[in-house]
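Here the structure comes first, spelled out in structure tokens, and everything after it is commentary.
Residue numbers (this note's numbering): 354 to 550.
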């Protein structure tokens, strides 16, 4: 099926560009979730949805998303695969007032930031408005729904500081996001393989 056929007849597409987490690494991150699951008022991200967002695109016309896919194919073609070490747990906007709980990056962060920079340049070149917020390398594992997080949860987040796992980043994915009551469903639209080192 050609790209044009794949995109024809589409309405607005809710999409984002991401680095997916390999299946073998999900259980390591899921272990962090398990240690924090005793706290009420947190909606946990399904392990199959773990990823590092490089650029959220929102609801966009299909022709704009298609143009970005073609641009990324060119702009990522000379990027090599690399190692990324996950470690540390934090929260946005702060550990004292958590709304999103995330796993951080301890090694390989500059390479992930470079992918985000290339993705942002490609998005703007394709017709998307510039992203105003700076890129922050993180993998969201839960969202706090309670108006005030219990102090025990805040302490538990602060205690999670060890290295979690190391992955090889081999692909960047353009992903479709469909929102459902049970949670979002992510479907790959386009895969951009990175060159082997």
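Where is the CB? At the ideal position from N, CA and C, for every residue including glycine.
- For the pair residue 400 and residue 520, the CB atoms are not nearer than the 8 angstroms cut-off.
- In this chain, residue 547 is not harboured by any beta strand (DSSP E), its DSSP state being neither H nor E.
- Ranked by Cα distance from residue 509, the first of 480, 394, 369 and 388 is 388.
- Per DSSP, the beta-bridge partners of residue 451 are 446.
- Looking at the DSSP output, residue 519 shares a beta bridge with 438.
- Per DSSP, the unbroken alpha helix (DSSP H) holding residue 462 starts and ends at 462 to 478.
- Our two residues, residue 537 and residue 531, have alpha carbons roughly 6 angstroms apart in a direct line.
- Scanning the region 363 to 437 from its first residue to its last, the whole beta strand (DSSP E) runs of 3-plus residues come out as 366 to 373, 395 to 397 and 404 to 413.
- Residue pairing by DSSP places residue 540 opposite 529 in a beta bridge.
- Listed in chain order, the non-local C-beta contacts of residue 480 below 6 angstroms within the same chain comprise 417, local neighbours out to five positions each way being set aside.
- By the 16-neighbour rule on beta-carbons within 10 angstroms, residue 535 is exposed.
- Spanning the alpha carbons of residue 445 and residue 462 requires a straight line of approximately 18 angstroms.
- Within the DSSP bridge table, the entry for residue 492 names 456 as partners.
- Using a Cβ distance threshold of 8 angstroms, residue 459 and residue 443 do not count as a contacting pair.
- In this structure, residue 494 and residue 385 form a Cβ contact; the two beta carbons are roughly 6 angstroms apart against a cut-off of 8 angstroms.
- When the alpha-carbon of residue 381 is set against those of 492, 412, 415 and 467, the nearest one is in 492.
- In this structure, the alpha-carbon of residue 450 lies about 15 angstroms from that of residue 392.
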